[in-house]
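A.B. asks:
There are 2 protein chains.
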Amino acid sequence: MAIDWGSSNVRVALLDAQGGLIDRRASAAGVFTVQEGRFAAALLPLCADWINQYAVPLLACGMIGSRQGIVEVPYVACPASAGDLARQLGMAELPTVEGFATEQVQQLHIVPGLNTGSQETGWDVLRGEETQLFGAMAAADDAARLFVLPGTHSKWMSRSESGHIASFQTYMTGELFELLSRQSSLARVMAPAQWSPEVFQQGVAEARAGALENLLFRVRTAGLMGRFQAHELPDYLSGLLIGAEIKAGLQQFAPPDPTIPIPLLGSAQLTQRYAIAFAQFGQAVVEMPGDAVFTGLLAIAQAAGLLNPATAAN
Amino acid sequence: MAIDWGSSNVRVALLDAQGGLIDRRASAAGVFTVQEGRFAAALLPLCADWINQYAVPLLACGMIGSRQGIVEVPYVACPASAGDLARQLGMAELPTVEGFATEQVQQLHIVPGLNTGSQETGWDVLRGEETQLFGAMAAADDAARLFVLPGTHSKWMSRSESGHIASFQTYMTGELFELLSRQSSLARVMAPAQWSPEVFQQGVAEARAGALENLLFRVRTAGLMGRFQAHELPDYLSGLLIGAEIKAGLQQFAPPDPTIPIPLLGSAQLTQRYAIAFAQFGQAVVEMPGDAVFTGLLAIAQAAGLLNPATAAN
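Quick mapping for you: the protein sequence lines, in order, are chains H and L. When the letters of the first sequence are read in order and numbered with our numbering, they come out as residues 1 to 314. When the letters of the second sequence are read in order and numbered with our numbering, they come out as residues 1001 to 1314.
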């Protein structure tokens, strides 16, 4: 059983040993919404019947392995392979919960997050995206070396020839958009967005040409001076922020051949925006199918030996 | 009478015709705190006695001339001299207010704000800082061509040889600091600041070497990974943001000689931070005395002929 347990949601999938999807369920019982450490009570309503029926091993990834989760699993340092993660799985016990009786205390295996950097130069960290990436690697072209996961905290991740995650960078693009469009002085001049690709592309073009530090205030002045209409300003801000992320990311990771597509993993709406913006930088991209995280959990479970007959018989 | 009427405060000064300060007062009746346009009721408690005693002309600058103010005064385009502003003053009538009777309806003269840019390339705007800058110019060395006003919305302003404000740029540094340190995912790992110059300087150094887009998340990871203590993180964030502003500003304005000091105008605490950061970039600065705004209002009043005897006799 594959569990993607993030900050705000938990998604579970029942897979056969070949990775075939038998069933899937989800709830809003994310790590940050669970009260007083009652993680078993949050998870078992989703899947106690599967546990009783199939006696499957449970493998989870995401914020469930963070300090706010069920147990803090130490980060693994980059470069890291799926085997490296499999060798350093965390472990927690899920107590039985009244009303969702399982036959015994369940062991929850937890994929560690990754870190990169050092005490001197600064760290970057992630939890959950490593598993998505190992799933996406299986589906992506072998030539792909750079992967982008747009989101609240966008991740740019590079893969080595040997299939290790070599390094990664976090960009707070989605969170900055939320903060600036809802709670800043820019919010005062904005109206709810009506998707305007042209305005979004104008923002990307300006971010490409300038520095974000002095571009953000343009959202306010564009409203004051009637350059854009109030309902266009969210897309202008979005274009500035995503354009700045892509500019910085391409400088940082310097993909050698812009015709080799960068796989994008994220919600359809967001990857669509990133695809438009990447095109302005002359960089090819390919939108990956969803559910890479379950494929990744399966790959790590296989590497950890969780799917061999002896384990499955337990 | 000189009035600096910003978003959150109003400060008034009674000046003689030579610019000597007779008295000054202030209140929290900023433009954004005045309800239902009752601007006269907010101002007169501070200064009705001066108006009755001296029959002085009233000249104000700042957000009072914005769309949220008493009357919207159109922006003047850069480059602009004090004379250009004086020729385009706005005008509003302050009705008499019960309890603070003045002998007649008072005329409030209002300094216009400035804009720079165009509909195609984007605009930048300011209100109030133009007056501070004309005041500071009088006190600064003639060789100074670039002035920096740190704040919620920091302004970098360049002066031409002829004494015009040539152009300017806004950086939302202070507002970003407030948003990120109070309402973002970074805030979760922070404790109240204990001023640490070393940590601040580390942030500046990293901003100097990298791109802000991928630096902000380091505040979170520095807390998670124990790189800095929670009470050091606000100064680390402050260093990253101020460092990024200075890096972008020096690239944009490219002062030709780093030994010519850039005058800094702002609160003592904030200009101190900027002075430390500028030193890391090898750029000389000089902290200007406060109250430049009143000197600026006097200069504009003189240019507008508000201080000649015929006007004063009205």
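Note that beta-carbon positions come from the ideal geometry of N, C-alpha and C, so glycine has one too.
If you reduce the DSSP assignment to three classes, tell me which class residue 1253 of chain L lands in.
C.D. replies: If you number the second sequence from 1, residue 1253 of chain L lands on position 253. In this structure, residue 1253 of chain L counts as helix in the three-state DSSP scheme.
A.B. asks: Examine the Cβ distances between the region 225-244 of chain H and the region 163-177 of chain H and report whether three or more of them are shorter than 8 Å.
C.D. replies: Because the criterion of three Cβ pairs below 8 Å is met, the region 225-244 of chain H and the region 163-177 of chain H touch.
A.B. asks: For a test of the three-state rule: what should DSSP assign to residue 1231 of chain L, helix, strand or coil?
C.D. replies: Stepping through the second sequence from its first residue, residue 1231 of chain L is reached at position 231. Note: residue 1231 of chain L maps to helix in three-state DSSP.
A.B. asks: Considering just the uninterrupted stretch of the beta strand (DSSP E) at residue 1322 of chain L, what are its terminal residues?
C.D. replies: Given that chain L is displayed from residue 1001 to residue 1314, the structure contains no residue 1322 of chain L and the question cannot be resolved.
A.B. asks: Please state whether DSSP places residue 1047 of chain L in a helix, a strand or coil.
C.D. replies: Mapped onto the second sequence, residue 1047 of chain L falls at position 47. Helix.
A.B. asks: Residue 1274 of chain L CB to nearest chain H CB: under 9 Å?
C.D. replies: Counting from one through the second sequence, the residue named residue 1274 of chain L turns up at place 274. By this cut-off, residue 1274 of chain L is not an interface position.
A.B. asks: Which value, in whole angstroms, describes the spacing of the CA atoms of residue 1117 of chain L and residue 1079 of chain L?
C.D. replies: In the second sequence, residue 1117 of chain L corresponds to position 117, counting from 1. In the second sequence, residue 1079 of chain L corresponds to position 79, counting from 1. Near 11 Å, if we compare the C-alpha coordinates of residue 1079 of chain L and residue 1117 of chain L.
A.B. asks: Suppose contacts are defined by Cβ-Cβ distances below 9 Å. Is residue 1013 of chain L in contact with residue 1060 of chain L by that definition?
C.D. replies: Residue mapping note: residue 1013 of chain L aligns to position 13 of the second sequence, counting from 1. Residue mapping note: residue 1060 of chain L aligns to position 60 of the second sequence, counting from 1. No.
A.B. asks: Determine which residues share a DSSP beta bridge with residue 109 of chain H and list them.
C.D. replies: Working through the first sequence from its first residue, we reach residue 109 of chain H at position 109. H/59 and H/91.
A.B. asks: Spell out whether any CB of chain H is found under 9 Å from the CB atom of residue 1009 of chain L.
C.D. replies: Position 9 of the second sequence, counted from the start, is the residue given in the question as residue 1009 of chain L. No - not a single Cβ of chain H is within 9 Å of the one on residue 1009 of chain L.
A.B. asks: So residue 166 of chain H is in the alpha helix (DSSP H); what residue range does that whole segment cover?
C.D. replies: By one-based count along the first sequence, residue 166 of chain H stands at place 166. Unbroken run through residue 166 of chain H is the beta strand (DSSP E), 165-171; no alpha helix (DSSP H).
A.B. asks: According to a CB-to-CB cut-off of less than 8 Å, which residues of the region 118-129 of chain H neighbour chain L?
C.D. replies: Listed in sequence order: 119, 122, 123, 124 and 125.
A.B. asks: Looking at the unbroken alpha helix (DSSP H) that takes in residue 130 of chain H, where does it start and where does it end?
C.D. replies: As a first step, residue 130 of chain H must be located in the first sequence, where it is residue number 130. Run containing residue 130 of chain H: 129-139, per the alpha helix (DSSP H) assignment.
A.B. asks: Let me see if you follow: with CB-CB separation under 9 Å, is residue 252 of chain H close to chain L or not?
C.D. replies: For the purposes of this step, residue 252 of chain H is identified with residue 252 of the first sequence, where counting begins at 1. Yes - at least one Cβ of chain L is within 9 Å of the one on residue 252 of chain H.
A.B. asks: By Cβ distance below 7 Å, which residues in the same chain neighbour residue 51 of chain H in space, the five residues on each side in sequence not counted?
C.D. replies: As a position in the first sequence, residue 51 of chain H is number 51, starting the count at 1. Counting only Cβ-Cβ distances below 7 Å, and skipping sequence neighbours, we find 102 and 106.
A.B. asks: Roughly how many whole angstroms lie between the Cα atoms of residue 1233 of chain L and residue 1186 of chain L?
C.D. replies: Residue 1233 of chain L sits at position 233 when you count from the first residue of the second sequence. Residue 1186 of chain L sits at position 186 when you count from the first residue of the second sequence. One C-alpha to the other measures close to 9 Å.
A.B. asks: Around the Cβ of residue 1127 of chain L, are there at least 16 other Cβ atoms within 10 angstroms (buried) or fewer (exposed)?
C.D. replies: Looking up residue 1127 of chain L in the second sequence gives position 127. Residue 1127 of chain L is buried by the Cβ-count criterion.
A.B. asks: If we define contact as Cβ-Cβ less than 9 Å, is residue 1181 of chain L a contact residue for chain H?
C.D. replies: Working through the second sequence from its first residue, we reach residue 1181 of chain L at position 181. False, the Cβ-Cβ gap to chain H never drops below 9 Å.
A.B. asks: Which of the three DSSP states is assigned to residue 196 of chain H in this structure?
C.D. replies: As a position in the first sequence, residue 196 of chain H is number 196, starting the count at 1. Note: residue 196 of chain H maps to coil in three-state DSSP.
A.B. asks: Along chain H, in chain order, which residues have C-beta atoms closer than 7 Å to that of residue 1185 of chain L?
C.D. replies: Sequence index remark: in the second sequence, residue 1185 of chain L carries index 185 (1-based). Simply 175.
A.B. asks: For a contact defined as C-beta to C-beta under 9 Å, what are the partners of residue 1208 of chain L on chain H?
C.D. replies: For the purposes of this step, residue 1208 of chain L is identified with residue 208 of the second sequence, where counting begins at 1. Near residue 1208 of chain L there are no residues of chain H at all, since even the closest Cβ is about 13 Å away, more than 9 Å.
A.B. asks: Starting from residue 172 of chain H, find everything on chain L with Cβ-Cβ shorter than 7 Å and list it in chain order.
C.D. replies: On the first sequence, residue 172 of chain H is found 172 positions in, with the first residue counted as 1. Here the neighbours are 1216 and 1217.
A.B. asks: Please return the same chain residues whose Cβ sits closer than 7 Å to the Cβ of residue 231 of chain H, not counting the five positions on each side in sequence.
C.D. replies: As a working note, residue 231 of chain H is residue 231 in the first sequence. For residue 231 of chain H, where only same-chain residues beyond five positions count, the Cβ hits under 7 Å are 191, 192, 193 and 194.
A.B. asks: Within 10 angstroms of its Cβ, does residue 1304 of chain L collect 16 or more other Cβ (buried), or is it exposed?
C.D. replies: Here residue 1304 of chain L refers to the residue found at position 304 of the second sequence. So residue 1304 of chain L ends up on the buried side.
A.B. asks: Please name the residue, chosen from H/154, H/272 and H/111, that lies closest to residue 124 of chain H on a Cα-to-Cα basis.
C.D. replies: Residue numbering aside, residue 124 of chain H sits at position 124 when the first sequence is read from its first letter. Comparing Cα-Cα distances from residue 124 of chain H to each of H/154, H/272 and H/111, the minimum goes to H/154.
A.B. asks: Which of the three DSSP states, helix, strand or coil, is assigned to residue 1100 of chain L?
C.D. replies: Here residue 1100 of chain L corresponds to residue number 100 of the second sequence, with the count starting at 1. The answer is coil: DSSP assigns residue 1100 of chain L none of H, G, I, E or B.
A.B. asks: On the criterion of 16 or more Cβ atoms from any shown chain inside 10 Å, does residue 1308 of chain L qualify as buried, or is it exposed?
C.D. replies: For the purposes of this step, residue 1308 of chain L is taken as the residue at position 308 of the second sequence. Answer is exposed; the Cβ neighbour count stays below 16.
A.B. asks: I believe residue 296 of chain H touches residue 133 of chain H by the beta-carbon criterion, under 8 Å. Please report the beta-carbon distance rounded to the nearest angstrom.
C.D. replies: Position 296 of the first sequence, counted from the start, is the residue given in the question as residue 296 of chain H. Position 133 of the first sequence, counted from the start, is the residue given in the question as residue 133 of chain H. With a Cβ gap of about 7 Å, residue 296 of chain H and residue 133 of chain H count as contacting.
A.B. asks: Which term fits residue 84 of chain H, buried or exposed, when burial requires 16 or more other beta carbons within 10 angstroms of its beta carbon?
C.D. replies: By 1-based counting over the first sequence, the position of residue 84 of chain H is 84. Buried, since its Cβ has 16 or more Cβ neighbours within 10 Å.
A.B. asks: Identify the continuous beta strand (DSSP E) that holds residue 64 of chain H and give its terminal residues.
C.D. replies: The residue you call residue 64 of chain H lines up with position 64 of the first sequence. That residue, residue 64 of chain H, is in no beta strand (DSSP E); it is neither H nor E in DSSP.
A.B. asks: Taking 9 Å as the CB-CB cut-off, is residue 326 of chain H touching chain L?
C.D. replies: An answer regarding residue 326 of chain H cannot be provided, because it is not within the stretch 1 to 314 covered by chain H.
A.B. asks: If you measure from the beta carbon of residue 1249 of chain L to each beta carbon in chain H, is any gap under 9 Å?
C.D. replies: For the purposes of this step, residue 1249 of chain L is identified with residue 249 of the second sequence, where counting begins at 1. Closer than 9 Å to some Cβ of chain H, the Cβ of residue 1249 of chain L qualifies, so yes.
A.B. asks: So, residue 77 of chain H versus residue 115 of chain H, is the Cβ gap smaller than 9 Å?
C.D. replies: For the purposes of this step, residue 77 of chain H is identified with residue 77 of the first sequence, where counting begins at 1. For the purposes of this step, residue 115 of chain H is identified with residue 115 of the first sequence, where counting begins at 1. Taking 9 Å as the Cβ cut-off, residue 77 of chain H and residue 115 of chain H qualify as a contacting pair.
A.B. asks: What is the residue span of the beta strand (DSSP E) that residue 1002 of chain L lies within?
C.D. replies: The residue given as residue 1002 of chain L occupies position 2 in the second sequence. From DSSP, the beta strand (DSSP E) with residue 1002 of chain L extends over 1002-1005.
A.B. asks: Quick one, are the C-beta atoms of residue 69 of chain H and residue 100 of chain H less than 9 Å apart?
C.D. replies: Stepping through the first sequence from its first residue, residue 69 of chain H is reached at position 69. Stepping through the first sequence from its first residue, residue 100 of chain H is reached at position 100. Their beta carbons are not under 9 Å apart, which means residue 69 of chain H does not touch residue 100 of chain H by this criterion.
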